[in-house]
Amino acid sequence: MTTALLLMDFQNGIAGHYAEGGSDVLVHAQRALAAARAAGIPVVFVRVAFREGFPEAAARNKAFGAIRQSPTAPYMGEDAEATQIVAALAPLPGEPVVIKRRYGAFASDLDVLLRGFDATDLVLAGVSTSGVVLSTVRHAADHDFGLTVLSDACADQDPEVHRVLLEKVFPRQADVVTVDEWVSGLSGGDAGRG
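All residue numbers for the sequence shown refer to the numbering used here, where the first residue is -13 and numbers rise by one.
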């Protein structure tokens, strides 16, 4: 069994809003990152960004279709500052950064990377809970990954949606624990789920 930690959408234009709003989500994500590195668990950073001209943004896609006409479209380009991983969680040399084109982390080459790691279990942290985390939980569960969601290393603009997902939806497909609970499990020899 090999576990990988996915840190999802912790990029300047998304996670920065949570830090400005007083959320501790980045602090918790930093603790998870430090623990994974110390335990030798592979870490994968996932960010959302688009190629120049936004060819991935189909007009019929409700979420992304209008991006081509948006005055803030360059903000979401691959090289834009807004799409770069926040400095507090900067990847080390050799730690992969995956660029996705939709909400879910698997709208990328993540699956190939995880197979390269021989990953069977995933630990998820990200913003937002109702976006990247939800989409990734569903996809990963359908592909039989063991899943752990780090509840305090996830955040959402809607606190009620965040609560419902963590308390009622995710537990059907994942273990939902705090970063401290996960870290204490690592020292007990269980680097996988819970």
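Ideal Cβ positions, reconstructed from N, Cα and C, are used throughout, including at glycine. The model shown is predicted, which means the values in this text are computed figures rather than measured ones.
Take residue i as the anchor and find which of the options has the nearest alpha-carbon.
i, options, result
"Arg161", "Thr(-12), His129, Val123 and Arg101", "Reading off the sequence, residue 161 comes out as Asp, not Arg. The shortest Cα separation from Asp161 among Thr(-12), His129, Val123 and Arg101 belongs to Val123."
"Phe92", "Leu75, Ala74, Ala68 and Phe131", "Phe131"
"Leu108", "Thr134, Tyr89 and Ser9", "Thr134"
"Arg158", "Pro77, Leu120 and Asp95", "Leu120"
"Val32", "Tyr89, Gly8 and Ser9", "Tyr89"
"Glu183", "Val13, Val30 and Phe36", "Residue 183 is absent from the model: the chain starts at -13 and stops at 180."
For residue i, list the residues DSSP reports as bridge partners.
i, result
"Arg33", "Ile85"
"Leu96", "DSSP lists no partner for Leu96."
"Thr(-11)", "Asp107"
"Asp161", "Thr134"
Expressed to the nearest angstrom, what Euclidean distance is found between the alpha-carbon atoms of residue i and residue j?
i, j, result
"Pro28", "Ala22", "7 angstroms"
"Ala127", "Lys154", "16 angstroms"
"Ala73", "Lys86", "19 angstroms"
"Tyr4", "Val11", "7 angstroms"
"Gln143", "Leu151", "13 angstroms"
"Asp65", "Thr(-12)", "32 angstroms"
"Asp166", "Ala18", "8 angstroms"
"Ser116", "Pro79", "30 angstroms"
"His148", "Asp138", "10 angstroms"
"Asn(-2)", "Val163", "25 angstroms"
"Arg101", "Met62", "28 angstroms"
"Leu(-7)", "Glu146", "22 angstroms"
"Trp168", "Ala141", "17 angstroms"
"Glu67", "His125", "28 angstroms"
"Ala105", "Gly8", "34 angstroms"
Are the CB atoms of residue i and residue j nearer to each other than 8 angstroms?
i, j, result
"Ala25", "Leu75", "no"
"Ile0", "Val98", "no"
"Val118", "Thr69", "no"
"Leu136", "Leu172", "no"
"Phe156", "Ile71", "no"
"Val83", "Asp95", "no"
"Val20", "Phe103", "This sequence places Ala at residue 20; Val is not what is there. Result no, Cβ atoms of Ala20 and Phe103 do not sit closer than 8 angstroms."
Since residue i is in the alpha helix (DSSP H), which residue starts that stretch and which ends it?
i, result
"Leu172", "Val165 to Ser173"
"Asp128", "Leu120 to Asp128"
"Glu146", "Pro145 to Val150"
What residue does the beta strand (DSSP E) around residue i start on, and which one ends it?
i, result
"Leu136", "Gly132 to Ala141"
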